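Start counting the sequence shown at 72; every next residue gets the next number (this note's numbering).
Presented below is the structure to which this report refers.
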Amino acid sequence: MIAALGLLAGIVLGVIFQPDVPLGLEPYLPIAVVAALDAVFGGLRAYLDGIFDDKVFVVSFISNVVIAAGIVFLGDKLGVGGQLSTGVIVVLGIRIFSNVAAIRRHIFHA
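Rendered as structure tokens:
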């Protein structure tokens, strides 16, 4: 319940204040969002499997975002940022779809 209230408060505050993302961080925002979504869907899957641990979720959430942004940052420094961004999106996208499929099986008992 607290997580849902925190999410709702974050959405409301974001809509009201409309924060600007610094220009230097704009390439990393989509990667961070996809990494965060991966952690959220993984947490939901773990909850439905009965193995959810809030500490593991927080560490997974933060580490997913930091590692994904770090890979893209390293790619930018090496001059292959676009390719590594695509790679990160593909890998995290596969994980998200895998977790969503497992969630769907839990919900529909298929």
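C-beta atoms are modelled at their ideal positions from N, C-alpha and C, and glycine is treated no differently.
Nothing here was measured: the structure is a model prediction, and the numbers come from that model.
With a threshold of 16 other CB atoms inside 10 Å of the CB of residue i, please say whether the residue is buried or exposed.
i, result
"Phe-112", "buried"
"Ser-156", "buried"
"Ala-110", "buried"
"Leu-163", "buried"
"Gly-146", "buried"
In the DSSP assignment, the alpha helix (DSSP H) including residue i goes from what residue to what residue?
i, result
"Pro-90", "Careful: Pro-90 lies outside any alpha helix (DSSP H) and carries neither H nor E."
"Phe-168", "152-179"
"Asp-124", "From DSSP, Asp-124 is part of no alpha helix (DSSP H); its letter is neither H nor E."
With a cut-off of 8 Å on the beta carbons, I'd call residue i and residue j a contact; round off their distance for me.
i, j, result
"His-177", "Leu-119", "4 Å"
"Ala-74", "Ile-102", "Incorrect: roughly 23 Å between the Cβ atoms, too far for contact."
Would you say residue i and residue j are within 7 Å of each other, going by their C-beta atoms?
i, j, result
"Ile-142", "Val-159", "yes"
"Ile-167", "Arg-116", "no"
"Ala-106", "Val-136", "yes"
"Val-92", "Leu-84", "no"
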